[in-house]
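Beneath this line is the structure, given in structure tokens, with notes to follow.
Residue numbers (full-length UniProt numbering): 1 to 172.
Given below as structure tokens:
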């Protein structure tokens, strides 16, 4: 195995922590679709059903696996779902389920607009960011904005070692 060296702008060598990412080649294939986006679009209904099914029990949302208690969830005044592209469509579907089960207002925002809009974000909010890769630049920037404002963040990603997964408060 080779090695890599990293330097700052002054030319001084700096140390970086190595993170091993586990993945399989099958998950990175297009499964017969011409484009990855077409694959994602066709996989979304099952992905949404499986994801929501894993946390909804007897018409109650159970997020104990991501260390969010029922009291914490009920303490949120607002939930923002922030995503780009096909992940935004997943957020639109999740909005109705969350509002129905938790009785908390949910806004779905495009990450590219969330980070530039002037809107009041109160600390009793939850920002859920959704990204297939966990590296979507606008979504990562929106996550960082929410954290700067002291808002709890929850990432829904497919790549555990991704930037979004590492920076979010909670990961699903």
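Glycine residues also receive a C-beta, built at the ideal position from the N, C-alpha and C atoms.
Can you tell me the Cβ-Cβ gap for residue i and residue j, rounded? I've got them flagged as a contact below 8 Å.
{"i": "residue 108", "j": "residue 73", "result": "In fact, because the Cβ distance is near 18 Å, the residues do not count as touching under 8 Å."}
{"i": "residue 170", "j": "residue 66", "result": "4 Å"}
{"i": "residue 101", "j": "residue 56", "result": "7 Å"}
{"i": "residue 39", "j": "residue 31", "result": "5 Å"}
{"i": "residue 42", "j": "residue 33", "result": "7 Å"}
{"i": "residue 143", "j": "residue 167", "result": "6 Å"}
{"i": "residue 121", "j": "residue 79", "result": "Actually they do not touch by this definition, with Cβ atoms about 12 Å apart."}
Shortest alpha-carbon distance to residue i belongs to which of the options?
{"i": "residue 59", "options": "46, 93, 110 and 103", "result": "103"}
{"i": "residue 96", "options": "2, 52 and 22", "result": "52"}
{"i": "residue 128", "options": "119, 94 and 120", "result": "94"}
{"i": "residue 18", "options": "29, 70, 11 and 3", "result": "3"}
{"i": "residue 47", "options": "71, 64, 118 and 90", "result": "90"}
{"i": "residue 87", "options": "119, 16 and 44", "result": "44"}
{"i": "residue 154", "options": "20, 76, 50 and 11", "result": "76"}
Could you give the DSSP three-state label for residue i: helix, strand or coil?
{"i": "residue 95", "result": "helix"}
{"i": "residue 65", "result": "helix"}
{"i": "residue 83", "result": "strand"}
{"i": "residue 29", "result": "coil"}
{"i": "residue 34", "result": "coil"}
{"i": "residue 157", "result": "strand"}
{"i": "residue 126", "result": "strand"}
{"i": "residue 203", "result": "With the chain covering only 1 through 172, there is no way to say anything about residue 203."}
{"i": "residue 114", "result": "helix"}
{"i": "residue 44", "result": "helix"}
{"i": "residue 22", "result": "coil"}
{"i": "residue 163", "result": "helix"}
{"i": "residue 131", "result": "strand"}
Beta-carbon within less than 8 Å of residue i's beta-carbon, same chain only, minus the 5 sequence neighbours each way: which residues are those?
{"i": "residue 123", "result": "149, 150 and 151"}
{"i": "residue 84", "result": "110, 111, 112, 131, 136, 138 and 139"}
Tell me which same chain residues have a C-beta within less than 6 Å of the C-beta of residue i, skipping the five on either side of it?
{"i": "residue 99", "result": "106"}
{"i": "residue 141", "result": "115"}
{"i": "residue 8", "result": "14"}
I'd like the list of long-range same chain contacts for residue i, defined as Cβ closer than 7 Å, with 5 residues on each side in sequence excluded.
{"i": "residue 5", "result": "13"}
{"i": "residue 61", "result": "55, 73, 101 and 102"}
Less than 7 Å between the CB of residue i and some heavy atom of the ligand FMN, yes or no?
{"i": "residue 89", "result": "The ligand FMN is not among the ligands present in this structure, which contains no ligands whatsoever."}
For residue i, decide whether its Cβ has a neighbour in chain D, counting only Cβ atoms nearer than 8 Å.
{"i": "residue 48", "result": "No chain D is part of this structure, which consists of one protein chain only."}
**Study point:** the stretch 127-141 contacting the stretch 159-167, beta-carbon criterion three pairs below 8 Å
**Key:** yes
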